[in-house]
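In my numbering, the protein residues as written are 35 to 362.
No residue lacks a Cβ here, since even glycine has one placed at the ideal position from N, Cα and C.
Single-structure report; data block below.
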């Protein structure tokens, strides 16, 4: 059974019986659909001009093109990758294996602190081109992926078709305005997402709202004050230590790309907003280093460090990444 969608403007149920659009049963607003993916970003959503051009190219060649060919069209049509385009191609082509490792880590650690979740329905916020979706489809009866980028969702659709996956809905939507009724999901996933939202509180509020009682939330977040590794999006060390306006200029100077779509979060910022929406039912812990490709011995040391509260909390201020776990 397909999960019900609600209008992002008035929260009434959407009628998706029409081929090219979804229609609100309340306010009667109409929302376009592309390749079966409805645009539910809501009134006032703005689409960059290059995204419009990319979507036209992807639609024109979608049926006959391979996944790798669609990746090439998607990346070369956007002005945001510069000399990092090779890194982005490798990232997309290896995302399924990486996604399985990350989702497995989220689920294992969530069960460790809060117990297992039911397996009926899961939501992937900021699913992008689908890194987590295959892993979630193997664990949950129904899965929904939402993302504001239609080109990325089209890549995800192609990847799912290639794998023969049929229990996933793809929706163009914002994490701060999730188009599903209260209590729709047993688990909400956010892989490599929290540092790309500019209203973290709104996203966490929505994640809490759409969770069922005892539902779980799992996410990772790159630490703004990481002292050890290069920033993963632009491959520059210690950029998070700069004031945000200086960081944007520095990245532009070093890499020739914008840095407006990334807002790294500190340990303190995460704690503040998680407490606001989940109360005391959350944990910020070390992720498994092996899920990121690091040696297993690092995880053995981190496990020991977790048992020393004062040292653990000090280390989390400067550790490269945070694992966020919460329960409704």
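Quiz prompt | residue 77 classed as buried or exposed, judged by whether at least 16 other C-beta atoms fall within 10 angstroms | solution = It is exposed - the Cβ of residue 77 has fewer than 16 other Cβ atoms within 10 Å.
Practice problem: Starting from residue 72, follow its DSSP beta bridges and name the residues at the other end. | Solution: Answer is 67.
Quiz item: If you draw a straight line from the C-alpha of residue 74 to the C-alpha of residue 192, how long is it?
Solution: Taking the straight line joining both Cα atoms gives about 20 angstroms.
Quiz item: Where does the unbroken alpha helix (DSSP H) through residue 269 begin, and where does it stop?
Solution: Careful: residue 269 lies outside any alpha helix (DSSP H) and carries neither H nor E.
Quiz prompt | residue 160 beta carbon less than 7 angstroms from that of residue 268 | solution = It is not a contact, given that the beta carbons lie outside the stated cut-off.
Quiz prompt | In DSSP terms, what residue 176 is bridged to | solution = For residue 176, which the question treats as bridged, DSSP gives the partners 155.
Quiz item: Can you give the beta carbon distance from residue 163 to residue 223, rounded, assuming they're within the 8 angstroms contact cut?
Solution: Residue 163 to residue 223, Cβ: 15 angstroms. No contact.
Quiz item: Do you know how far the Cα of residue 289 is from the Cα of residue 270?
Solution: One C-alpha to the other measures close to 9 angstroms.
Quiz item: Is the CB-CB distance between residue 206 and residue 178 below 7 angstroms?
Solution: In this structure, residue 178 does not lie closer than 7 angstroms to residue 206 by Cβ.
Quiz prompt | For residue 361, three-class secondary structure by DSSP | solution = In the three-state reduction of the DSSP assignment, residue 361 falls in the strand class.
Quiz prompt | Separation of residue 129 from residue 109, as counted between CA atoms | solution = Rounded to the nearest angstrom, the two C-alpha atoms are 15 angstroms apart.
Exercise. Using 10 angstroms around the beta-carbon of residue 275, count the other beta-carbons present and answer buried if the total reaches 16, otherwise exposed.
Key: Exposed.
Exercise. Give me the Cα-Cα distance between residue 339 and residue 346, rounded to the nearest whole angstrom.
Key: Cα to Cα, the separation comes out at about 6 angstroms.
Practice problem: Report yes if the C-beta distance between residue 225 and residue 359 is below 7 angstroms; otherwise report no. | Solution: Cβ atoms of residue 225 and residue 359: not closer than 7 angstroms.
Quiz item: Start and end of the alpha helix (DSSP H) containing residue 202?
Solution: First-last for residue 202: 202–206, but that is the beta strand (DSSP E), not the alpha helix (DSSP H).
Quiz prompt | residue 38 versus residue 58 - alpha carbon distance | solution = About 12 angstroms.
Quiz item: Nearest CA to the CA of residue 248: which residue from 95, 299, 315, 61?
Solution: Closest by alpha carbon: 315.
Self-check item: CA-to-CA distance, residue 234 to residue 242, given in whole angstroms
Solution: The C-alpha of residue 242 lies about 12 angstroms from the C-alpha of residue 234.
Quiz item: Taking the alpha helix (DSSP H) that residue 344 falls in, what are its first and last residues?
Solution: Where residue 344 is concerned, the enclosing alpha helix (DSSP H) stretches over 343–350.
Self-check item: Own chain, CB closer than 8 angstroms to residue 348, minus 5 neighbours either side, in chain order
Solution: Closer than 8 angstroms at the Cβ level, and outside the excluded window around residue 348, lies no residue.
Practice problem: Determine the DSSP secondary structure at residue 262, reduced to helix, strand or coil. | Solution: In the structure shown, residue 262 sits in coil (DSSP, three-state: anything other than H, G, I, E or B).
Exercise. Compute the Euclidean distance between the alpha carbons of residue 311 and residue 305, then round it to the nearest angstrom.
Key: A straight line joining the alpha-carbon of residue 311 with that of residue 305 spans about 10 angstroms.
Self-check item: Collapsed DSSP secondary structure at residue 333 in the structure displayed
Solution: It is helical.
Quiz item: Would you call the CB atoms of residue 26 and residue 175 closer than 7 angstroms?
Solution: Shown here, the chain extends from 35 to 362; a query on residue 26 therefore has no answer.
Self-check item: Close-in-space but distant-in-sequence residues of the same chain around residue 361 (CB under 6 angstroms, 5 per side omitted)
Solution: Within the same chain, Cβ atoms closer than 6 angstroms to the Cβ of residue 361 are found at 148, 250, 315, the five residues on either side in sequence being excluded.
Practice problem: Please check the pair residue 350 and residue 321, which I expect to be a contact at CB under 8 angstroms, by giving their CB distance rounded to whole angstroms. | Solution: Their Cβ separation, rounded to whole angstroms, is 11 angstroms, which puts residue 350 and residue 321 out of contact at 8 angstroms.
Quiz item: Is residue 196 helix, strand or coil by DSSP?
Solution: Three-state DSSP puts residue 196 in a helix.
Self-check item: Under the three-state DSSP convention, the category residue 318 falls into
Solution: The DSSP-derived three-state label of residue 318 is strand.
Quiz prompt | Given residue 199 as reference, the closest of 168, 281, 47 once Cα atoms are compared | solution = Taking residue 199 as reference, the option from 168, 281, 47 with the minimal CA-CA separation is 168.
Practice problem: To the nearest angstrom, report how far apart residue 121 and residue 266 are at their CA atoms. | Solution: In this prediction, residue 121 has a pLDDT of 49, which is less than 50 and means its spatial position is unreliable; what the coordinates show is noted afterwards. So the two alpha carbons sit approximately 10 angstroms from each other.
Exercise. In angstroms with no decimal places, state the Cα-to-Cα distance between residue 188 and residue 69.
Key: Here the alpha carbon of residue 188 sits roughly 8 angstroms from the alpha carbon of residue 69.
Quiz item: Thinking C-beta only, is residue 107 closer than 7 angstroms to residue 92?
Solution: Yes, Cβ-Cβ distance for residue 92 and residue 107 is below 7 angstroms.
Quiz item: Hey, quick one: how far does the beta strand (DSSP E) through residue 39 stretch, first residue to last?
Solution: Run containing residue 39: none; DSSP gives neither H nor E here.
Quiz item: Near residue 104, what residues of its chain come up, given a Cβ to Cβ distance below 8 angstroms and the 5 sequence neighbours on each side ignored?
Solution: Only 92, 95, 96, 188, 189, 192 meet the Cβ criterion.
Quiz item: Do residue 252 and residue 140 come within 7 angstroms of each other at the CB atom, strictly closer than that value?
Solution: Contact flag set, yes.
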